[in-house]
Amino acid sequence: MYRHHRIRRTGLALAATLASLALLIAPALAGAGMAQAKAASCSSWTTGSPPSPGSRDNELLGVAALSACNVWAVGDYSNNGSTQSLTLAEHWNGTSWKVVHTPSPGNINMLRAVSALSPGNVWAVGHADGSSLILHWNGTNWARVPSPSPGKTSDLNGVVGVSATQAWAVGETSQTGSPFQTLVLRWNGKKWARSASPSPGAVDSRLGAVTATSAGNAWAVGSYTTSTGGKSLFLHWNGKKWARAASPNPSEPVTEMILDGVSATSAGNAWAVGTYNGAIQKTITLHWNGRAWKIAANPSPGQEPFLAGVSAISAGDAWAVGNYRAGSTFKTLIMHWDGRAWDQIVSPGPGSTSGLTSVAATSATNVWAAGTYNIGPTQLLAIHCC
Numbered sequence: 000m001y002r003h004h005r006i007r008r009t010g011l012a013l014a015a016t017l018a019s020l021a022l023l024i025a026p027a028l029a030g031a032g033m034a035q036a037k038a039a040s041c042s043s044w045t046t047g048s049p050p051s052p053g054s055r056d057n058e059l060l061g062v063a064a065l066s067a068c069n070v071w072a073v074g075d076y077s078n079n080g081s082t083q084s085l086t087l088a089e090h091w092n093g094t095s096w097k098v099v100h101t102p103s104p105g106n107i108n109m110l111r112a113v114s115a116l117s118p119g120n121v122w123a124v125g126h127a128d129g130s131s132l133i134l135h136w137n138g139t140n141w142a143r144v145p146s147p148s149p150g151k152t153s154d155l156n157g158v159v160g161v162s163a164t165q166a167w168a169v170g171e172t173s174q175t176g177s178p179f180q181t182l183v184l185r186w187n188g189k190k191w192a193r194s195a196s197p198s199p200g201a202v203d204s205r206l207g208a209v210t211a212t213s214a215g216n217a218w219a220v221g222s223y224t225t226s227t228g229g230k231s232l233f234l235h236w237n238g239k240k241w242a243r244a245a246s247p248n249p250s251e252p253v254t255e256m257i258l259d260g261v262s263a264t265s266a267g268n269a270w271a272v273g274t275y276n277g278a279i280q281k282t283i284t285l286h287w288n289g290r291a292w293k294i295a296a297n298p299s300p301g302q303e304p305f306l307a308g309v310s311a312i313s314a315g316d317a318w319a320v321g322n323y324r325a326g327s328t329f330k331t332l333i334m335h336w337d338g339r340a341w342d343q344i345v346s347p348g349p350g351s352t353s354g355l356t357s358v359a360a361t362s363a364t365n366v367w368a369a370g371t372y373n374i375g376p377t378q379l380l381a382i383h384c385c
């Protein structure tokens, strides 16, 4: 089944429903080009199917683009008859996708996010058997880099490279029987080390994504849970320390909140996206204007809509992706910000069950989104505009 890693853990996704629907998927592939519902930066989306190496499950959870001819996507896959899940990295060279070997040091391995600084400096993060996992691409091969795993369980959900001597990875960690705490790791050019970060939740505190525009300006987003429900969590790096920033929440009671994506273009422009459960499940988009985070109105189509990733290009151009349910089918969700409003864009979705987990844009005409769809075994999905 397709699912985003944090959907599966928090219960915001319908994992059991998707599993049963997978048995009913017809082997049909949607058309290559799809028109937009409303004019936006890109004029058309095309569907691609990167190689799916697993005979049972394949999923892409993160994507990073350096150019139209240099794109990385990461995730995991598994085979029938095996209990092991393996890390997965695939590269787009402008013509085709190719699987590139990655280390899988444990039995349960997964890559959840990727960040590319240059053709020879790419980071990917996730977990291996409950310990943090960080891989680095040096232009020739992927290699594991030692990383702290301070708890019994330590998972990494987001990564961003700032320079050769600075990168950030975020997630959560916990001791056995203890609440999850935020986990922030910093690369100083020689090694990864834990950086102190607030964990306000009495029940759990988790970070889902991280972005940076300079050595002194980074945002990490996630959520925390108290006895009364879930709330948004924003942490800011000012060059010296991580500190909690004020963040808005919906006016209605929220039982569960999760922010899975964040992207910034400057000190005065950033977007965060995610999903929350109130009376019903809804998507949420929040904007940073240099002074405060504010909730922005956005489409929340179908049932159980979910936003998993966001990529901002400028103050007037940003993309968010995810999925939603329409009756018995699950569809990809793409939204575009044009500087005034978020609008839903008609998007490709092979089969009856498909979804997008991540998005990366280098310009108004080079946007990539990655995910998964069901046709028998889950298959990998990549779509590009234009």
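For what it's worth, numbering that gives the first Met the number 0 labels the leading residue of the sequence shown as 0, then goes sequentially. Each residue gets a CB set at the ideal place from its N, CA and C atoms; glycine is no exception. Everything numeric in this text was worked out from a predicted model, so none of it was measured.
Check                                                                                                                                                                                : Outcome
Measure the CB-CB distance between V124 and L87 and report whether it falls below 7 angstroms.                                                                                       : no
At 3 residues or longer, what runs of the beta strand (DSSP E) sit wholly inside the region 110 to 172?                                                                              : 120 to 127, 130 to 136, 141 to 143 and 152 to 162
Closest to N288 by C-alpha separation, out of S103, V253, W270 and V99, would be which residue?                                                                                      : W270
Please state the DSSP three-state secondary structure of E303.                                                                                                                       : strand
For G74, count neighbouring Cβ atoms within 10 angstroms of its own Cβ and tell me buried if that reaches 16, exposed if not.                                                        : buried
Check this for me: beta carbons of S130 and S153, under 7 angstroms apart or not?                                                                                                    : yes
Leaving out the 5 sequence neighbours to the left and right, which residues in its chain are closer than 6 angstroms to A201 when beta-carbon positions are compared?                : T225
Beta-carbon within less than 6 angstroms of N365's beta-carbon, same chain only, minus the 5 sequence neighbours each way: which residues are those?                                 : A67
Sort out for me which residues DSSP pairs Q280 with in a bridge.                                                                                                                     : N276
Could you tell me which residues DSSP pairs with S198 in its beta bridges?                                                                                                           : DSSP lists no partner for S198.
Residues in its own chain within less than 7 angstroms of R111 by CB, not counting five upstream and five downstream?                                                                : H4, L60, G61, V124, G125, L155 and N156
Could you compute how far the alpha carbon of V161 sits from the alpha carbon of S194?                                                                                               : 16 angstroms
Taking the C-alpha atoms as reference points, what is the distance between N140 and A214?                                                                                            : 27 angstroms
What did DSSP end up calling S84 once you bin it into helix, strand or coil?                                                                                                         : strand
Check each candidate in P104, W71 and H135 and name the one with the smallest Cα separation from A360.                                                                               : W71
Is P397 near G93, with beta carbons less than 7 angstroms apart?                                                                                                                     : Given a span of 0 to 385 for the chain in the structure shown, any question on residue 397 remains unanswerable.
On a Cα-Cα basis, can you pick out the residue from H286, R55, P300 and Q280 that is closest to S81?                                                                                 : R55
Go ahead and pull the three-state DSSP assignment for S77.                                                                                                                           : strand
Within its chain, find whatever has a CB closer than 6 angstroms to the CB of G308; leave out the 5 residues flanking it on each side and keep chain order.                          : G260, V320, S357 and V358
Determine contact between the region 322 to 335 and the region 348 to 355, defined as no fewer than three beta-carbon pairs at a distance below 8 angstroms.                         : yes
Leaving aside the five residues before and after L132 along the sequence, list all residues of the same chain whose C-beta is less than 6 angstroms from its C-beta, in chain order. : G125 and H126
Can you round the beta-carbon distance between A381 and G47 to whole angstroms, since I take them to be within the 8 angstroms contact cut?                                          : 5 angstroms
Count the other CB atoms, across all protein chains shown, that sit within 10 Å of the CB of K189; report buried if there are 16 or more and exposed otherwise.                      : exposed
Kindly indicate which three-state DSSP category H100 falls into: helix, strand or coil?                                                                                              : coil
Can you tell which of W341, W186 and P347 has the C-alpha that lies nearest to the C-alpha of L285?                                                                                  : W341
Nearest by alpha-carbon distance to A266: which of A291, E58 and H383 is it?                                                                                                         : A291
Going by C-alpha distance, which of A166, G229, V99 and S173 is nearest V209?                                                                                                        : A166
In three-state DSSP terms, what is D56?                                                                                                                                              : strand
For the region 292 to 300 against the region 241 to 252, are there 3 or more C-beta pairs whose distance is under 8 angstroms?                                                       : yes
Verify whether the separation of the beta carbon atoms of L379 and S51 is less than 7 angstroms.                                                                                     : yes
Can you say whether A369 is buried or exposed, counting buried as having 16 or more other CB atoms within 10 angstroms of its CB?                                                    : buried
Along the beta strand (DSSP E) that carries V358, what are the first and last residues, could you check?                                                                             : S353 to S362
Let me check understanding here. Comparing Cα to Cα, which of Y372, W367, G375 and A142 lies closest to C385?                                                                        : W367
In or out: D203 buried (at least 16 other Cβ within 10 Å) or exposed?                                                                                                                : buried
Assign E255 to one of three DSSP states: helix, strand, or coil.                                                                                                                     : strand
If you drop the 5 nearest sequence neighbours on each side, which residues of the same chain put their C-beta closer than 6 angstroms to that of V159?                               : S114, W167, V209, T210 and A211
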